[in-house]
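Here's the structure we're looking at; comments come further down.
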Amino acid sequence: MKKLIEMFTRERLMQMADENTICKLSLEERVVLARLALMVNEPSGVIYQIRQNNGSPEWEQWSEVSAEEFYADVESKGWEFRTLYVLS
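Numbering (full-length UniProt numbering), first residue to last: 1 to 88.
Right, dumping it as structure tokens:
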């Protein structure tokens, strides 16, 4: 992702972000911006974790679970949830 971003200078990005300026983009610029937007919207990985939040010895340890377990319709009292996103 860093390589994609490096192709734009700060001045070029400011020009593209200016709502009062008509700015033409090259085909390469459009493709790179589209790829960046897709990468931001689609993380390369998601990690779902839960832990007990009741003062038990296990409360300090996060456990990885599947998406199905994470979103299961169960009683969530006493449990803490977090989602980690892995960006490439």
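Even for Gly, the Cβ is constructed at its ideal location relative to N, Cα and C. Predicted, not measured: the structure shown is a model, and the values here were computed from it.
Asked: Alpha helix (DSSP H) runs contained entirely in the region 24–85, provided each spans 4 or more residues; Found: 27–41 and 67–70
Asked: Thr21 versus Gln49: straight-line alpha-carbon distance, rounded; Found: 45 Å
Asked: Distance between Ala34 and Arg82 (C-alpha atoms, nearest Å); Found: 29 Å
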